[in-house]
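Numbering (mature numbering (1 follows the signal peptide of the UniProt record, and there is no 0)), first residue to last: -21 to -1, 1 to 815.
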């Protein structure tokens, strides 16, 4: 979807015949109205159609493949479109940021990305950029985006959230993809700053989180969840958001369902028709395709394309597209939408001139290589099209409209065919011109004198178009001293309107900034980045070398050589079988031909008494032919025998190679299995050794250290307790002696006894605990049945013990190791018994 028509720009291929800066609408071109804006048409005098370029763009496009807080949104808005003359893509003014930065974007229903050139790209390419640093409402995200197409054109960068306003409809948190890199396919058009996608968000290229399109974000706030296109052929059109313009169409709007599973506005037309009459067979042949305002032509299945062009006298099938006569009427083509025809006039289906012989590129081309039809602007310009995404599901509506305005427009000046005498032999077009044919109509305007001039190694057409083309990073060479072209002559050749491809223009001759050079980009890399790249390169090399070394050590490299030899034998055998089939077929054909000749000779000989002069001549001819066929049959028989021998030899060698490969692989696998077995046994031995060392060396040593440490700690504690008890006892005795003179007979004090009992209690408890756990040598326990029984019963008794977590872990690991050893031993015994 777009508003300012460009030559087949879509999503990728942009012509070097780009748009001049004067073709960009300025503020004076915009008329503000209540609820809509109108952008008047600005003609581009240097514009050149290119159906071939559009085909390359469309093929590459399809062969490759939620914020809240809405504020200040108008309930409806209308953005009038502004097509360039005879173009198919449009640019619309879009305001981004606060304060608003107005950029010209291509509205594309075949894309889901809203991306614009960043400030750095704008300095390089001359495009009007969007600078998020100049917007107070921009929000940087950690998301990136990158688009890469089949023709190797690409763009990518970072994602910001900012306010986006189109025709009075704004969204404050729209994902804006800012381009920090663009290929020449995008940068060669300075009037376009990027694209605004209007397909479904599942097609978005932002990572890691896909973003919604502008229409998906604002559709809930519009009067109706839809937008409509009233594109016009060679005149200004418009886009309507949230409202259907009743004056833009006639009759009823016919809706058809959309399949959004692939992210496109994918519909199925119920059929088609050619010319004014209706063919029931054509009207019921369904056509499934995508409605794409980013495409120029109409791409349909090849059988439908052939059916249409067969109705046109002079239509030709070129290498991979169709051409029609540049002059003369063309039949109309109708798409059947739910049984209702949407007629596309025949004049819409003639595109730019193809060559100087009066042929033009047809507006309909084959979609077989794409896989589905593409309804480009040629179909959209012939109708009023509504894209709706409501609660009942997405759908597209088509309605007929008044096309009489196109009759009053200035028609594109298709050149008449030049006389063949001026063109010279057809083969004088070089190989560079044959596949493109992009400059034929310019060639037709050259004088007969120049046509008859001596031609260099390339043809004159290529000389004309090739001269101004150069790499943008280079500076055009100065004029040679002996150049015969005078300044006055050059000035006369570029009067009135200078060509946009004139190499004297400042925007083309200016050298590119130095920081674009790869050497400068390499200098900006940090030392750590360089070291990391080198390390990764070395790691990959070492990994491959290690893999090859392992294969050499294990003997698998020889098996790889056998596999490669078998692959070669398979290819040779396939060729030999093809040769054998051809030889057998030739032998059968020659044998059958000779048998037929012999039968005819026999028939003539049977009635030789009645021969007439023609019969005699026929007999002579047949006899000579039989002699020739005999030699040919003999040669074919020898060829067949040789082919059969070669086939048998290669088949036997291939079978032997396959058997040898499987035999060697079996031996190799047995060796690897044997080595794996020994490795497993080695690991088991290491585990058993570790178990024994831990059980009989490390564990007793650890236990002895632990007991010694505990005994030393308890000894110091017991000494302290004894000292405290002695002090208490001395204090009690002294108190008793002081109280003896006052009381003659006094009972023994209870408190000291209790205190003494309390004081002695811990020591007694410790002694009791130590006494309850006798320490005997393990030999004595094993030899005494009573002690052994008591020890066994103690293993599953209810006695509580205090154990550290580390001890429990060691016990568990020891048990696991012991279990693994037992299981491995049992498995080994079972394997040995099964093999024996």
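Where a beta carbon is used, it is the ideal one built from N, C-alpha and C, also for glycine.
Predicted, not measured: the structure shown is a model, and the values here were computed from it.
In this chain, the beta strand (DSSP E) harbouring residue 173 covers 173 to 176. As DSSP reads the structure, residue 687 sits in no beta bridge.
Across the set 171, 146 and 149, the C-alpha of 171 shows the shortest separation from the C-alpha of residue 94. Rounded to whole angstroms, the separation of the alpha carbons of residue 716 and residue 767 is 56 Å.
Rounded to whole angstroms, the separation of the alpha carbons of residue 775 and residue 802 is 25 Å. Note on geometry: alpha-carbon atoms of residue 180 and residue 288 lie some 38 Å from one another. DSSP places residue 138 in the uninterrupted beta strand (DSSP E) bounded by 133 to 145.
Judged by their CB atoms, residue 174 and residue 92 are nearer to each other than the 8 Å cut-off. A buried status is given to residue 212, since no fewer than 16 other beta-carbon atoms sit within 10 Å of its beta-carbon.
In terms of Cβ geometry, residue 113 and residue 153 do not form a close pair [threshold 8 Å].
Under a 10 Å Cβ-count criterion, residue 764 is classified as exposed, with fewer than 16 other Cβ atoms of the shown protein chains found around its own Cβ. Taking a C-beta distance under 8 Å as the contact criterion, residue 224 and residue 209 qualify as a contact pair.
Scanning its chain for C-beta atoms nearer than 6 Å, with the 5 sequence neighbours on each side dropped, one finds around residue 558 the residues 622, in chain order. In this structure, the straight-line span from the alpha carbon of residue 291 to that of residue 258 is close to 17 Å. With distances taken between CA atoms, residue 111 lies nearest to 143 out of 619, 143, 315 and 83.
In terms of Cα proximity to residue 249, the closest of 304, 318 and 240 is 318. Note that the C-beta distance between residue 367 and residue 205 is below 8 Å. In this structure, residue 176 keeps its C-beta atom at 8 Å or more from the C-beta atom of residue 117.
When DSSP states are grouped into helix, strand and coil, residue 151 belongs to the strand group. In the DSSP assignment, residue 268 falls within the beta strand (DSSP E) that extends over 266 to 270. Here residue 214 carries a strand assignment [DSSP, helix/strand/coil].
Between the C-alpha atoms of residue 652 and residue 793 there is a straight-line separation of about 29 Å.
Three or more pairs of CB atoms, one per stretch, sit closer than 8 Å, so the stretch 325 to 342 contacts the stretch 305 to 313. Counting along the chain, residue 547 sits inside the alpha helix (DSSP H) bounded by residues 535 to 585.
One Cα belongs to residue 363, the other to residue 518, and the distance between them is close to 60 Å. The beta carbons of residue 379 and residue 228 sit closer together than 8 Å. Under a 10 Å Cβ-count criterion, residue 675 is classified as exposed, with fewer than 16 other Cβ atoms of the shown protein chains found around its own Cβ. Selection 160, 800 and 279 evaluated against residue 667 yields 800 as nearest (Cα-Cα).
In the DSSP assignment, residue 594 falls within the alpha helix (DSSP H) that extends over 592 to 672.
Following the DSSP letters along the chain, one finds residue 811 inside the alpha helix (DSSP H) bounded by residues 784 to 814. For residue 584, the number of other beta carbons within 10 angstroms of its own is below 16, and it is reported as exposed.
Counting only the Cα atoms, residue 672 lies some 16 Å from residue 786.
The Cβ atoms of residue 552 and residue 630 lie closer than 8 Å to each other. Here DSSP, grouped into helix, strand and coil, assigns residue 306 to coil.
Residue 88 is a Cβ neighbour of residue 270, given a cutoff of 8 Å.
Apart from sequence neighbours up to five positions away, the residues of its chain that approach residue 74 with a beta-carbon distance below 6 Å are 81 and 144, ordered along the chain.
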